[in-house]
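*Asks:* In full-length UniProt numbering, the protein residues as written are 1 to 318.
Quick reminder that beta carbons are idealized off the backbone N, C-alpha and C, glycines included.
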Amino acid sequence: MAVDPKPNPHATAEEVQAAYKDPKLANVLYHDWEAGTYDEKWSISYDERCITYATDRFRAVAGDTGPYAHALELGCGTGFFLLNLMQGGVIEKGSVTDLSPGMVEVALRNAKNLDLDVDGRVADAERIPYDDNTFDLVVGHAVLHHIPDVGAAMREVLRVLKPGGKFVFAGDPTNIGNFYARKLGQLTWWLTTNVTKLGPLNDWRRPQEELDESSRAAALEAVVDLHTFDPSDLERTARGAGAVHVKAVTEELSAALFGWPVRTFEAAVPREKLGFGWAMFAYRTWQRLSWVDEKVLAKVLPREVFYNVSVTGRKPVA
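#1: My assumption, with CB atoms under 8 Å, is that V150 sits in contact with H227. Please give the rounded CB distance.
#2: Check for me: the alpha helix (DSSP H) holding N113 runs from which residue to which?
#3: If we call anything under 8 Å between Cβ atoms a contact, is T188 one with F265?
#4: Would you mind sorting V300 into buried or exposed? The rule is 16 or more other CB atoms within 10 Å of its CB.
#5: Which whole-angstrom value describes the C-beta separation of S232 and V292, a residue pair presumed to lie in contact below a C-beta threshold of 8 Å?
#6: Pick from F229, P261, V122: whose alpha carbon is nearest that of R182?
#7: Return the CA-CA distance between T97 and P200, expressed in angstroms with no decimal places.
#8: Just to confirm my understanding: we take R206, look at its own chain, exclude 5 residues before and 5 after, and list those with CB closer than 6 Å. What are they?
#9: Can you give me the Cβ contacts of V249 inside the same chain, cut-off strictly under 6 Å, excluding the 5 residues immediately before and after it?
#10: Once DSSP output is grouped into helix, strand and coil, what is the label at A19?
#11: Excluding five sequence neighbours on each side, which residues of the same chain lie with their C-beta closer than 8 Å to the C-beta of A279?
#12: Just confirm the distance between the C-beta atoms of V122 and P101, as a whole number of angstroms; I'd bet it's less than 8 Å.
#13: To test your reading of the DSSP string, which unbroken beta strand (DSSP E) runs of 3 or more residues are found completely within the stretch 211 to 237?
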């Protein structure tokens with residue numbers, strides 16, 4: 001039996017330099033680097049808040065909430081999507097894969113802490129190490145934009161699904177959404193790191209070595225983020241891989257315009273300066289704006305202008 005590689009959270013300068021020419025190596029190094037702090041960075045939890053978020057996102061795309069007997073999460077990260085769907089009753093048994101050994105390690109640790117039935121493998125999404133017709137469901141969250149050959153990964157997803165099985169990939173950036181989110185993030189980072197140089201606000205400034213490390217991580221992040229998507233093109237890719245009943249949906253416009261500056265600001269200042277009150281303000285505001293996006297803006301604006309795109313489909317029965 002193949003032994004999975006160990007995490008490498010402290011890449012050498014030579015490895016980082018090589019990663020700029022190798023997107024898969026970049027994904028491994030970047031996500032091993034981020035694994036230990038990823039849940040904190042993105043405010044990921046395994047409580048009612050994120051259980052509700054995950055199940056609501058799943059229902060909005062898939063049109064149901066299962067239950068599914070056995071599901072695989074592709075590009076699992078720390079297990080956010082699959083583990084919260086399991087806690088929400090959508091999935092009974094889970095498997096996780098990621099190109100990053102560090103992420104698989106954290107996902108399995110999170111599953112054990114939650115007493116969930118999950119196994120995991122370090123794996124390339126273009127070569128999934130499971131047999132044909134294994135899973136009732138394959139899910140992923142913010143993963144497709146990291147995969148060099150999305151069509152090849154889709155074909156692998158359909159191979160490991162049982163006939164009639166479903167896939168749900170949520171939370172990838174649209175072409176337009178990625179443009180404004182990146183610009184807002186860059187502007188917020190520049191403003192925050194420069195304003196906090198001023199004397200009265202200096203204690204709001206993170207240590208320079210931490211800011212430098214975040215800047216290096218952001219530079220490598222630009223290498224690992226390989227794609228943005230047009231919803232119609234993503235549907236065509238899924239159909240081209242052999243999927244049926246394919247549908248892409250988009251979400252978050254005002255919520256993204258608020259959320260990206262907030263997340264960037266949080267990354268640029270000492271965490272202890274913000275506290276629970278700030279966290280609840282940010283979360284409640286994001287919730288309200290997401291409601292506006294879903295109930296109002298989605299009815300009058302084209303789907304291409306929203307930040308996130310999700311796609312679902314099925315493996316043909318015959």
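*Replies:* From the atom records:
#1: 7 Å
#2: 101 to 113
#3: yes
#4: exposed
#5: Not confirmed; about 25 Å, so no contact.
#6: P261
#7: 47 Å
#8: P270
#9: V61, S310
#10: helix
#11: S43
#12: 5 Å
#13: none
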